[in-house]
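Trainee: The structure that follows is given in the form of structure tokens.
Numbering (UniProt numbering), first residue to last: 1 to 175.
Here it is, written out as structure tokens:
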């Protein structure tokens, strides 16, 4: 082999799999990666867990350490394979937890700009404040700023009225 060919092979091999840090965001969910020594990639695409009927969206953030793969060492075809956990960034949720849009149309997504968590599914179990379009079932007492439904039922079930001439007046007890 010639020296030039050997150098080309070594260069390509050294670029096939690299570790870097996300240094910038680009349009269409692409990312610039800093490999150190002043070497920064062009905007790269990210491999996702699923892209078909069920799609996963987990944008990368500046500062994340990532693995970049360049097929045949061709950096123009490079893509981000995934992130590498650091001890300080290990997930605090179960390893099986994920955010997805399921093939049946059910979905969970968080709008960071609107600060809104949207859950669209036939049945939802949730902790936190809730604004619902549709029916609600509760396995516990429901309350507002004034009372609970149990307290309102107790008042309603035993309340009485001051009656005159068969016209029902407001109850003597407040709800």
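The beta-carbon is built from N, C-alpha and C at its ideal position, and this holds for glycine as well.
Can you have a look at residue 143 and say buried or exposed, based on whether 16 or more other CB atoms are within 10 angstroms of its CB?
Mentor: For the purposes of this step, residue 143 is taken as residue 143 along the chain shown, with counting starting at 1. Exposed.
Trainee: Would you please verify whether the beta carbon of residue 25 is less than 7 Å from any beta carbon of chain B?
Mentor: Absent here is chain B; the protein component of the structure consists of one chain.
Trainee: For residue 30 versus residue 45, is the C-beta distance shorter than 7 Å?
Mentor: Taking the first residue of the chain shown as position 1, residue 30 is located at position 30. Taking the first residue of the chain shown as position 1, residue 45 is located at position 45. Inclusion of residue 30 and residue 45 in the CB contact set at 7 Å is warranted, their separation being smaller than that value.
Trainee: Pull the bridge partners of residue 32 from the DSSP assignment, please.
Mentor: The sequence position of residue 32 within the chain shown is 32, counting from 1. Residue 32 pairs with 24.
Trainee: Are the CB atoms of residue 32 and residue 40 nearer to each other than 7 Å?
Mentor: Locating residue 32 in the chain shown gives position 32, where the first residue counts as 1. Locating residue 40 in the chain shown gives position 40, where the first residue counts as 1. Result yes, Cβ atoms of residue 32 and residue 40 sit closer than 7 Å.
Trainee: For residue 74, which three-state DSSP category applies?
Mentor: Along the chain shown, one-based indexing puts residue 74 at 74. When secondary structure is reduced to three states using DSSP, residue 74 falls in the coil class, being assigned neither helix nor strand.
Trainee: Kindly give me the distance between the Cβ atoms of residue 64 and residue 126, rounded to whole angstroms, as I take these residues to be in contact under 8 Å.
Mentor: In the chain shown, residue 64 corresponds to position 64, counting from 1. In the chain shown, residue 126 corresponds to position 126, counting from 1. At roughly 28 Å, the Cβ-Cβ gap does not stay under 8 Å, so residue 64 and residue 126 are not in contact.
Trainee: For residue 150, does the count of other Cβ atoms within 10 angstroms reach 16, so buried, or fall short, so exposed?
Mentor: Position 150 of the chain shown, counting from 1, holds the residue named residue 150. Flag for residue 150 reads exposed.
Trainee: Using the Cα positions of residue 96 and residue 49, report the straight-line distance between them to the nearest angstrom.
Mentor: Translated into positions along the chain shown, residue 96 becomes position 96. Translated into positions along the chain shown, residue 49 becomes position 49. Note that residue 96 scores 48 on pLDDT, short of 50, meaning its location in the model is unreliable; the coordinates nonetheless yield the value given after this. Rounded to whole angstroms, residue 96 to residue 49 spans 13 Å at the Cα level.
Trainee: How far does the beta strand (DSSP E) with residue 81 in it reach, from first residue to last?
Mentor: Along the chain shown, read from residue 1 onward, the residue named residue 81 stands at position 81. Where residue 81 is concerned, the enclosing beta strand (DSSP E) stretches over 79-83.
Trainee: Given a cut-off of 7 Å, decide if residue 69 and residue 132 are closer than it, judged by their beta-carbon atoms.
Mentor: Sequence index remark: in the chain shown, residue 132 carries index 132 (1-based). Sequence index remark: in the chain shown, residue 69 carries index 69 (1-based). No, the Cβ-Cβ distance between residue 132 and residue 69 is not below 7 Å.
Trainee: Identify the continuous alpha helix (DSSP H) that holds residue 158 and give its terminal residues.
Mentor: Position 158 of the chain shown, counted from the first residue, corresponds to residue 158. Taken as a continuous stretch (DSSP letters only), the alpha helix (DSSP H) holding residue 158 covers 149-158.
Trainee: May I have the straight-line CA-CA distance separating residue 13 from residue 107, to the nearest angstrom?
Mentor: Taking the first residue of the chain shown as 1, we reach residue 13 at position 13. Taking the first residue of the chain shown as 1, we reach residue 107 at position 107. Roughly 41 Å between the two C-alpha positions.
Trainee: Buried or exposed: where does residue 36 fall if 16 or more other Cβ atoms within 10 Å of its Cβ makes it buried?
Mentor: For the purposes of this step, residue 36 is taken as residue 36 along the chain shown, with counting starting at 1. That one is exposed.
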